[in-house]
Structures are given as structure tokens and as C-alpha cells.
């Protein structure tokens, strides 16, 4: 079925748009009283031409009027340069301005002034290919002979041809990449690999008001160009794309099961009660980012809707980190905004890309054995009894069925993937079409995923001033889930609660894997995301954008316990079926207009006014059947049935105004405000306002800044911002409502209502304000790029649950705006090009963050919030670990710790659940002229604690090493005694700092001659590995996993399946 679908998909792609690209294309333009500079910008924006000039050649601030319809580029340039002393030359896609007195734009080199050229100066034809570090061809790269007007630009396939002399210097330049120079020798073929600019301030970012240059922004925004990452890194989902790529963004894996999600935190946790996950936009459409997307018990880990998105389709990701940057996104954005831009078509011939990948997945964890100590007569006993003199250990038996090949249910998992895409178009219509198939098998037999992704993105240039973009994506997936973590029917619990001998139930606890694997737990997804964007430019100064979109997720969660086969748990062996269906709708409507004008010769203004409407609608139906007919999974035939339904809806309306003033294209000052109203606000609360101010100063462009002597600085930008945004209450948090009930009164069935919630008419959104400032710098001839940001974020009116007095006649409490939370820290980004030659490159990128979290206030009369070993306590981090401390002393020196040798202290703060230090190192090494590329990702996280509840729980079962092995350390014995008998688990709240080698990949880029022989433009092969090693003092299964999946604060490790190791091979083809 899948192979048939793939062939059908390929066949449909053959009906692509016909190539209408031509160098002789005609241009229309209507610009009144516009500067020559702005006209040139418009030409470069709407055509494939690049204009090469020197500022002294022409008065670019001169204003003229241009009104032409479908003329050749020569005619347009003649009109623009009329009445000037400048002419031009068109060389393919490069327009070179030349003074009429034939003085070249650039000063001639001494070689050109020589009257007697040497034989080595004989003109030769140089050809070549220009690619990026991923070996992807770059079209439109400017190639100029240094010191002359000779220049060309690369075609769509990255190819160029230029006349030069031996000894000339070819200069290659392209937006977003560092300038590259190569000396011409007798070699007629020169291939060039362009390296990304360490800090391209002209790079554009997508904001709520439209596309802006990075240099204009006063905030730190991470812009990740990830289109090639899926080809060169072991990427399985979007969370993998984000891992270790941006300072202040922490991705935490919830475990090792295929298809489960990750927790994402941007600059810490802001709320004690609401979600701390960021919001996600795809091509301007807000999407469902439900982190715990499952409706029944699987043990803790759960899928995430973020990972429905196909990484193959993503062009770039922008991470808007805090309230100061997210002000214009309003009451949903205080936790940060992630904007995903998918790939679009470009004018030119169809370009096809295909990939095939295959991999394996391995469980590499050594699980702790189950122990039993015996005396000489074969009677069981424990170390604490030995300390009391009532037991003398003689032998210790141990076994772990999860480790032993005779009993272990783990298998070598497999992953397969295939995909095909095509892009291209004409001047009128561009397109990008893609499809992919994924088949993944986890390390457990009941953990599998099959997924299909399709995407179609189209752009239509309706008129010179009107453009329409249409994006659409579809996902179909079938995920089979294992029961895991904190669940009696989970495999981990049965293995770690097992026996010390294979002779007893094969070493398992109450249930065996065969019984557990009869349970069928699935989630099926059909998801459709679509957006329509209209861009209209009624005049040169005014731009209007109207966009709308829908994200529809149809989800079916099902769980089946077959009659007579399932484990005898809660009578599920009699048969049980749970079937829950959901339709989640997310609607987005945006409208924004921007007016840009020059106030004076050196000052310009951009004013933006916008409107946004958001709606989230979720409809769910729930059906349960117990005591099923043998051999049937039908709820209709169950002896006991239950059903329910729910509808949840929120609506938010916002308007915003932004004003930006620019001074000489060096200093930019921005002020903005947004006002929101929402259906989840209290009835007595009207609107909320979010202000913002920011500034960006490119100080290195000032006359007083000497780039040659200022500490090797070639570029320096100072920036700062202050702003606010929010997180709105839950759908029903502010509402007073009643629940319908059925009851029996005087033997008669009656209906009634009970109080569902007392509500709070004054409830308002949580409001976070943030101050940040920092700098971006390039040093040492642009070999080092450095970014540094300090931020201080404070959340006021945080929602805290207050229990109401019983005297009010209600047993429930309500949420109130009482709390205050602070996050502060420093973010650092370092990009280096340590060694750079034509044949060899070595660079190292480092991103790091140091974050401090503190609960400032819970509210008057509110006691600390306690959830097991974690608490919300004023003056400490949210979710901090607390427990009674203890001391111990082996008084008699017998090597055993008894109850009377452990002393309990006071309840104390033990540490924060989240890392305070997070640093990632990404080295890249390319050699043999970029034929081989080696990359890695090494991550350190420190400062956090993790509750090893697996270890503490095994004390209750008395089958761990601490209680049974006489060789166990005194500290291990003491923590076990304190946990089992004295009620404190402080010894199992451990330092969870770690180093993890997350990724290594090696890519081979086949030579062009080899690719050509096989009929391809490009062939590359990547071998990669993920989760290749971890170094830590943590004694549990893994220092990063969480038994509660993507829960807000619970970070305990409790019978969780640890991360697995994966290996992949991937073949990439372009043709």
C-alpha cells in the first residue's frame, strides 16, 4: 500500500508547472518620487538580477519617478540612469554600474595598469560550481574579478563561467554567506563552498508586522536555517532539529519510546499553574501544540503534536524567546514563540530531491539487578538485619530479566524513510510539492509508528503589486504505544520488581511480557494544516498583509484488553476497550498594514497597524466498554458501557500598533503596544495591554569606530528591549458552571446538577514583562562571531489555586491572580572558523545559557504547593525538591547500616528540577574540498536534581542492591534505610548533571563528475548516530528522562524507559 502510494505520488509530480524562466523576462514598475536606491532594491527583490556598484559612483538618494509596463531590463536601466554620468553592463544576472568616462567601478589592480602583460596574464575561461557547506548549489552568487568590472552570477544550479587571467582574484559574495576569495591559477575549474556569515545582520526574520532585517531588531531572536540539517544529522522529529541549536532553549527527552514527545522550555518556567510550553506557528498559522496528547493511561510519557510536522519540509525556524520580543503575539506568547517556515518554490526549472534512509535503534541501558540475600540455611534477610545482628548473609542471588538475552523482550528496532520533492515555477506561479513515508519500529514489539506526510506550497504573482501564497500540509500517522513509567502494567515495573532468579517466573514480577504485550494501545492522527496569505502593495510606501489559516487535527485514541488474555488487573482480563475521538480546530486570522516613509534624508519611519483573531475549538467523545465478549473488541457488546463528550472553546482578539524609526540605517528605535480580549478572561476583566520598546545600534558603522584597532572588531551591534506578553487562563478557569448528574432519590432515578466550578469573574491573564540587552560582534577578520544577552523576566498575576472556606457552601477552590515568578540569566552564542582553506575547514559553534528561577510570591495566605518530593515555595525555584535530610554513622564498624544508625533532620530545600547551566558544542570539520563533512553535538547540563524514584520504589519491594548486597556502600545502605523505614527519600534526590554526546554524522558529497554520470546533479551519503554516550554521577536509569513526560514540573525518574541509541544511513539525490 505504501509503495503504491509512493509511485502514485511520483506520477502526480510529473504534472508539474512548465518552466517559463527566461533571461529575457520583462519588468513592470510603478514608483513615484522614489530614491534610486529603493528602485534598485525593488529590482533585486523582484528579479534574479544583482546590481553591483560603489557608493561614490552615483547619488543613490536622488528621487525619480518610474512607470513602465513589461519592458526589458536594458530599457528600465536606461530610464533610471538618464541624466547621470553612469552607464551599465549586463552580464547574465549581474548589472555592473560604470561611469561614462569608462572609469571602472572598482580601482584597477596594478596588474591591469601594466603596459607589458606577462604570459601568465593570458585570459582563460574559468568555470565552476558554488555550493553551501551541505553541498547544495547556490544560485545568484556574485562572482567578480577583484579590482575590475568583470562579473557574473551563478545560475539556478550554482554554475558560473567567467574570463580571467592567472593571478586574478575571484570574489564570491552572497547574502547570508561570508565573502570568499580564490586566486586564479592554471586550473580552469574552481569550485567554491560558501560558509555562512557568522553574524549576518542583513538576514531577515519574520515578525508579527512582516519581514524585518535582523539589524533592526532590539531582541535576541534565534534564526535556524535547518533545511540541510535533516540531510546531515540524525533527525527524527522537530524536537531533534531544535536540540542544542539556540541559547536559552532547553529540549528534554521524556524517554526512549518511539513517537513520544519532549519538554520545551525557553528562558525558564514562568507559571506555577499554566503550561510553560511555547506556541508554534507554521507559515503564519497557529497550530495545535498539545504537549501531553493522550487521553488515557500510558504511564506518563505521551506524544506531542509538534512532532506531526515533517522535518523534511522545513526551510527555517525562528525562536522568539521572551515577552520583550513576543509582545505583538499577545496573550499566548509569554513562554516564547517558535515560527516554522516551510520550503517554497523558486522561479526556474523543476528541481527534484529524493532521499532514502534506513536505521537501527538499540536499547543500551544496563538495568539494575533484582537481589536476594540468603544466610547459610537459605533463609532470606537484609543488610539492616545484619546491622542488628539478626541475620548473617552467606550468598546473594541476583538476576534481571531485562538484561538477560534469554528473557529480555527488547529487540533491535528499525527505521525506514523515503521522500520526494519538486520545486520550481515561472514568473507568475511557483510551487513546492513533497511527500514522504516513515516506518519506525521501537525496541519493544508494541512500539511502532507509520506516518505519511504530504505538502503543497504555491505562490502566485497576480500583478506587480499583488501576490498570493497558499500553503497546505497533511499528516496521517498510526502510533502503537507501549505502557510505560508509573503504571503497574508497564514492562519496566515488572522487570525491576522481578525476582532474583530466572527459575521464578522467568525473573519477572506479577506479569510477564507476553501478558503485557496483549494490550493494544494506539493513536491515529489525520491532520490538515492550511494557510492563505495575500500581500498587496497599493503604493511604494504601503504594504498590506492579510492571512488566514486552519489547523485541523482528527485524533483517535484507542486501548484494548482482550478477554482472557490481558493481565488480571482491575478485572481487565475480562476484556476492556477505551475509544476516545477528538477534533481539534485552530483558526488564525491576521491583518497588518505597514507604511514606510522617509522623514528626512537620514531618518525613516515604519508604522504598522494590525489585527489578530484566534480560535481554539476541541470536540471530544469518550466511550468505554468493560467485560467484552470473548474474541471481540466491540464496545456495543460490552456488559458495562460508559460514554461522555466535551467541547472546549477559546477565542482571542487582539489589535496592535508599532512604530519604528531608523537613523542612517545604523540606529533603530521601536515602540509598540498590543491590546487583547479573550473568552477565557473573567467577565469583570476588560482588556489587557502589552507595551514594548526596543533599540538596535550598529555602532561599528559610526565614523568614530575604527575597525582596524578596536580589539579586532569588524562589526559590533548593541541592542536592548523591554516588553510584555501573557498567558491566558484555562478555558473554564474563570467560569462558574454546573455539571449534570444522575442520582437516585426515594428509589427513583432523577437528574440534577453539582457545582463544577465556582469561577472567578476577575481572572486575568498572567502577564510577563522582560528586560533584555546584549551585543553581537564579529572579531579577528570575521573568524569569530559572538552574541551575548542578559535577560530579566518577571511574571505577575500568576494563577494560583486558592482553597475556599467550606463555610461558603462549596468544596472546591478557584484560581486567582496572586503569584509572581522571576527568571533571569545570560545567553551566549559563539561561532568560529578556526581553520579555513580551500581544502580544509574546521569550525566550532557553542551556545550556552545560565538561568536562575525563583518563585517571588504565592499570594497572601497561600501555603506552599506540595506534589510528592517537589514544592512551590516562595524564595525558591518552582518545583524545587524538598525532603527531610539525614545523617548516618556505622558506629560499630561492621559495614552495615541499621535503623538506629540513621538520624533524621529537618525538611530542607535540596535543589531545582531544571538545569541552570546548558551548553552545547557543535564542531564541524570538512576536508578534501568539502567532499567529507563531519559534525557532532556534545551537550552539558548542570545544576539540576532528579528524584530517582525507581531506586526509592525498589526499597519497598526489598529487591535492590542497597538492602541485599553486603558489599553495598554505607551511603547507599543509609539512603535505603532512610527511605524504607524513616520516611525520607532525600538520598534518592540526586545531582543529575551530565555530559551527553547527542550526535555524530559523517557526510560524503560525491564529486560532480560521478553524479553527472549517474544522471544526478548531486549525490550525498550520510552516516549518523544519536545518543552515543552519557557521563554522569546519577545512579538511576538516565539523568534526563521524566516519568511524567512533558509535565510542567514533575521530573522524577520512575520506571521510565531510558533513551535509546540510533544509527542511520541516508542517501540524498538531487536532479
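Residue numbers (mature numbering (1 follows the signal peptide of the UniProt record, and there is no 0)): -17 to -1, 1 to 1054. No residue lacks a Cβ here, since even glycine has one placed at the ideal position from N, Cα and C.
By the Cβ criterion, the region 292 to 305 is in contact with the region 428 to 446, since at least three pairs of Cβ atoms, one from each stretch, lie closer than 8 Å. Closest in alpha carbon position to residue 791, among 839, 68, 759, 741, is 741. Taken through DSSP and simplified to helix, strand or coil, residue 892 comes out as strand. In the structure shown, residue 288 adopts helical secondary structure according to DSSP, grouped into three states. Distance from the Cα of residue 579 is smallest, within the candidate group 526, 532, 473, for 526. Inter-segment contact for the region 485 to 494 and the region 468 to 477 is present: three or more beta-carbon pairs are separated by less than 8 Å. At the C-beta level, residue 238 and residue 1039 come within 7 Å of one another.
When the Cα atoms are used, residue 277 and residue 542 turn out to be separated by approximately 11 Å.
The beta carbon of residue 236 lies closer than 7 Å to those of 245, 1023, 1024, 1042 in the same chain, with the five residues before and after it left out. Taking a cut-off of 8 Å for Cβ pairs, the region 378 to 393 and the region 305 to 318 do not touch, as fewer than three such pairs fall below it. Taking C-alpha positions only, residue 58 is separated from residue 133 by approximately 22 Å. Rounded to the nearest whole angstrom, the CA to CA distance from residue 119 to residue 857 is 53 Å. Nearest to residue 372 by C-alpha distance, out of 383, 823, 382, 358, is 358. With three or more CB-CB distances shorter than 8 Å, the region 759 to 771 counts as touching the region 699 to 714. Under the three-state reduction of DSSP, residue 60 is assigned to helix. Annotation for residue 147: 109, 128, 167 place their beta carbon closer than 6 Å to its own, counting only its chain and skipping 5 residues before and after. For residue 368, no beta strand (DSSP E) encloses it; the enclosing alpha helix (DSSP H) starts and ends at 366 to 370. The C-alpha of residue 609 lies about 52 Å from the C-alpha of residue 831. As a beta-bridge residue in DSSP terms, residue 232 pairs with 249. Of the residues 593, 626, 595, the one whose Cα lies closest to the Cα of residue 607 is 626. Residue 743 and residue 206 have their C-alpha atoms roughly 40 Å apart. Around the beta carbon of residue 170, a 10 Å sphere encloses fewer than 16 other beta carbons of the protein chains shown; the residue is thus reported as exposed.
Per DSSP, reduced to three states, the secondary structure at residue 392 is coil, with no helix or strand assignment. Inter-residue distance for residue 1017 and residue 931 is about 9 Å (C-alpha atoms, whole angstroms). Taken atom to atom, the span from the alpha-carbon of residue 613 to that of residue 620 is near 10 Å. Note on geometry: alpha-carbon atoms of residue 737 and residue 798 lie some 19 Å from one another. Scanning its chain for C-beta atoms nearer than 8 Å, with the 5 sequence neighbours on each side dropped, one finds around residue 253 the residues 259, 317, 318, 710, 749, 751, 776, 778, 781, 804, 806, in chain order.
By alpha-carbon distance to residue 671, the top candidate from 636, 900, 705 is 636. DSSP places residue 680 outside any alpha helix (DSSP H); the residue lies instead in the beta strand (DSSP E), whose first and last residues are 671 to 680.
By the CB criterion at 7 Å, residue 814 and residue 227 fall outside the cutoff. With a cutoff of 7 Å on beta-carbon distance, residue 264 and residue 322 are scored as near each other. Residue 719: not part of any beta strand (DSSP E); DSSP gives it neither H nor E.
With contacts defined as CB atoms closer than 7 Å, residue 179 and residue 160 qualify as a contacting pair.
The beta carbon of residue 520 lies closer than 6 Å to those of 448, 526 in the same chain, with the five residues before and after it left out.
A distance below 6 Å between beta-carbons, with the five flanking residues on each side excluded, links residue 336 to the following residues of its chain, in chain order: 404, 1053.
DSSP places residue 551 in the coil class of the three-state scheme, outside both helix and strand.
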